[in-house]
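To keep things clear, I will list the structure first and then write my remarks on it.
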Amino acid sequence: MHERFVEDAAGAVLGAVRELVARGLVEGTSGNVSARRPDGTVCVTPASVPYGTMTAGDLVVVDCQGTLVAGRWPASSELALHLACYAAFPEIAGVVHCHAVHASMFAVARRPLPAAVDEVAMVVGGDVAVAEYAPSGSAELGRHAVRHLADRGAVLLANHGMVAVGRSPADAMHVTAVVERTARIVAGAVALGGPVPVPAGDGHDLAATYRAARLARR
Ligand SMILES: [Zn+2]
18 MHERFVEDAA
28 GAVLGAVREL
38 VARGLVEGTS
48 GNVSARRPDG
58 TVCVTPASVP
68 YGTMTAGDLV
78 VVDCQGTLVA
88 GRWPASSELA
98 LHLACYAAFP
108 EIAGVVHCHA
118 VHASMFAVAR
128 RPLPAAVDEV
138 AMVVGGDVAV
148 AEYAPSGSAE
158 LGRHAVRHLA
168 DRGAVLLANH
178 GMVAVGRSPA
188 DAMHVTAVVE
198 RTARIVAGAV
208 ALGGPVPVPA
218 GDGHDLAATY
228 RAARLARR
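Read in order, the letters of the sequence shown are residues 18 to 235 in our numbering.
This is the structure we're talking about:
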């Protein structure tokens, strides 16, 4: 398929940034958001600019090799992770990376997050795996992450956090919020004796719904 893109990439990135802050999913300048632009370049949050005061003028545009096209700051330190997602999946036009607390608990314990809540299979595609460890900012991190994202909206990054992909930054943000909420629920369910899997069959249908929505024409 043709590469999916977001018409107002800067506005979409800023909207997702504001939601990350409002939901308490970022601390300081950690985490980053990007969107694929109509010309195939990528609009991404800059490194080390506080989210509270970030404006469209702070955002950075890079080409698919990561070369700076526009902007006055260096791009996010996790740029390679974002670019790996766009290179691997043409249907993706938004990426959100963050260190949300409950998702990071699973990432640190290197425990996959089971799709034990009904909505997860539909929004995320199923269980959320833990990608093989690679240092923050490395090209390996992106390579390990995309191995788990072909039929999933999110993957946990070992000892680090999570990354979510979607049809837009808002879509990837929704995936992020659902993963974080599920991690919180499952952590509590473990304390109550462990989550009971969703009965087989139902979960399969919901995962198919996820695939169809991700690949649907705009
Ligand atoms: Zn990170």
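Ideal Cβ positions, reconstructed from N, Cα and C, are used throughout, including at glycine.
Computed from a predicted structure; not experimentally measured.
Take His177 as the anchor and find which of Ala120, Ala26, Met139 has the nearest alpha-carbon.
Out of Ala120, Ala26, Met139, Ala120 has the C-alpha closest to the C-alpha of His177.
How would you call Leu111, buried or exposed, if buried means at least 16 neighbouring beta carbons within 10 angstroms?
As written in the sequence, residue 111 is Gly, which differs from the Leu given in the question. Buried.
Would you list the residues sitting across from Asn49 in a DSSP beta bridge?
His114, per the DSSP bridge assignment.
Flag His114 as yes when its Cβ comes closer than 7 Å to any non-hydrogen atom of ligand 1, and as no otherwise.
Result yes, Cβ under 7 Å from ligand 1.
First and last residue of the beta strand (DSSP E) that includes Leu174?
Run containing Leu174: 171-174, per the beta strand (DSSP E) assignment.
Touch check for the region 83-96 and the region 132-151: three-plus C-beta pairs under 8 Å?
Touching, no, given that fewer than three Cβ pairs across the two stretches are closer than 8 Å.
For Ser47, is the beta carbon positioned less than 7 Å from some heavy atom of ligand 1?
At least one heavy atom of ligand 1 is nearer than 7 Å to the Cβ of Ser47, so yes.
Applying the 10 Å Cβ sphere with the 16-neighbour rule, what's the burial state of Gly48?
Per the 10 Å Cβ criterion, buried.
Report the residue ranges of all alpha helix (DSSP H) runs contained in full by the region 61-132; include only those spanning at least 4 residues, in chain order.
Fully enclosed alpha helix (DSSP H) runs of 4 or longer: 96-105, 118-126.
Would you say Val196 and Leu100 are within 8 Å of each other, going by their C-beta atoms?
Contact: no.
Where are the beta strand (DSSP E) runs, 3 residues long or more, that stay fully inside the region 151-209, in chain order?
Segments of the beta strand (DSSP E) lying fully in the region 151-209: 171-174, 178-183.
Please report the distance separating the alpha-carbon of Gly205 from that of Arg160.
Using only the alpha carbons, I get a separation of about 32 Å.
Return yes when at least one heavy atom of ligand 1 lies under 7 Å from the C-beta of Gly178, else no.
Checking every heavy atom of ligand 1 against the Cβ of Gly178, one is found closer than 7 Å.
Can Met71 and Ala117 be called in contact, C-beta distance under 8 Å?
Not closer than 8 Å, so no.
Please report the distance separating the alpha-carbon of Leu158 from that of Gly211.
Roughly 30 Å separates the two Cα atoms.
Mark Val86 as exposed unless 16 or more other C-beta atoms lie within 10 angstroms of its C-beta, in which case mark it buried.
By the neighbour-count rule (16 or more Cβ atoms within 10 Å), Val86 is not buried but exposed.
Rounded to whole angstroms, what's the CA-CA distance from Ala175 to Gly74? Just pull it up for me.
Looking at the two C-alpha atoms, the distance is approximately 33 Å.
Could you check if Gly183 is buried or exposed, using at least 16 other CB atoms within 10 Å of its CB as the buried criterion?
Classification for Gly183: buried.
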